[in-house]
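Peer 1: Here it is, the structure in full.
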């Protein structure tokens, strides 16, 4: 069903270069694998794990129309944030019409860096004891932030400035360098201006901060549920190491 939605929205065509959107589906599939690892790591029930994977597959299903909406907003001089929100509402309605449940649709909205999304993540993080659904919501956001295209996550390390960094920081710097969604980033920075936690930060640094807060919470949840203590900054590479182990196990069994 998830692949049918990608096909309906033009992501699986066989165009070349900028005409091809198959990389969107490839990126989504990488996130399916990563959220599956997290669901098993945290001991989620099968139904929740299934909905997480479906949401990961669908999270960028409307990316093509989103980019078209952003181009239109640029041409018209209208709000980039409103264009993204409207596109998200249209996509959510389309998913609902094709039978996807409310939890999947909620999870699809987890990734992103708009003010409303950052504020919702912070609201969840401020809850003392999270239920599985809210924890899954955080995972969907975090896995999207650690997934650059369809690449393996680089190892955590010391930056040139002597600070510990990981792929979350790489993603922020990459987006700054590319000017990715510069219009919505500028609007987001203005909207964050008065916030006690994110005021004065640019949009990309605010997104990185909230994802680092998520990984700290995930490390605590993993320790609480499994007894395993780990460095929060190493979560991306640990997820991918578990994936490599699965791949090697599969290949050795053939």
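Numbering (my numbering), first residue to last: 22 to 275. All C-beta atoms, glycine included, are put in the ideal place defined by N, C-alpha and C.
Decide if residue 95 is buried, meaning its Cβ has at least 16 other Cβ atoms within 10 Å, or exposed.
Peer 2: So residue 95 ends up on the exposed side.
Peer 1: Check each candidate in 88, 81, 255 and name the one with the smallest Cα separation from residue 179.
Peer 2: Comparing Cα positions, the closest option is 255.
Peer 1: Can you give me the C-alpha to C-alpha distance between residue 99 and residue 138, rounded to a whole angstrom?
Peer 2: Going by the C-alpha atoms only, they are around 20 angstroms apart.
Peer 1: Does the beta-carbon of residue 128 have 16 or more other beta-carbons within 10 angstroms, so that it is buried, or is it exposed?
Peer 2: Residue 128 should be labelled buried.
Peer 1: Going by beta-carbon coordinates alone, are residue 74 and residue 56 separated by less than 8 angstroms?
Peer 2: Against a cut-off of 8 angstroms, the Cβ pair of residue 56 and residue 74 comes out as a contact.
Peer 1: Three-state secondary structure (DSSP) at residue 186?
Peer 2: Three-state DSSP puts residue 186 in a strand.
Peer 1: On the premise that residue 124 lies in contact with residue 154, defined as a C-beta separation below 8 angstroms, what is that separation, rounded to the nearest angstrom?
Peer 2: Yes, they are in contact, since the Cβ atoms of residue 154 and residue 124 sit about 7 angstroms apart, within 8 angstroms.
Peer 1: Answer yes or no: do residue 258 and residue 168 have a C-beta to C-beta separation smaller than 8 angstroms?
Peer 2: Not a contact, by the Cβ cut-off of 8 angstroms.
Peer 1: DSSP puts residue 179 in a beta bridge; with which residues?
Peer 2: 185, per the DSSP bridge assignment.
Peer 1: Quick check for students: name the residue ranges of the alpha helix (DSSP H) that lie wholly in the region 134-179, counting only runs of 4 or more.
Peer 2: Those alpha helix (DSSP H) runs which fall completely within the region 134-179 and span 4+ residues are 136-146, 153-167.
Peer 1: Quick check on this structure: which residue in 72, 161, 103 has the alpha carbon closest to the alpha carbon of residue 120?
Peer 2: Nearest option by C-alpha distance: 72.
Peer 1: Verify whether the separation of the beta carbon atoms of residue 17 and residue 173 is less than 8 angstroms.
Peer 2: Examination of residue 17 is not possible in this model, given that the chain is present from 22 through 275 alone.
Peer 1: Residues in its own chain within less than 6 angstroms of residue 77 by CB, not counting five upstream and five downstream?
Peer 2: Closer than 6 angstroms at the Cβ level, and outside the excluded window around residue 77, lie 52, 53, 56.
Peer 1: Pick helix, strand or coil for residue 250, following the three-state DSSP scheme.
Peer 2: Coil, per DSSP.
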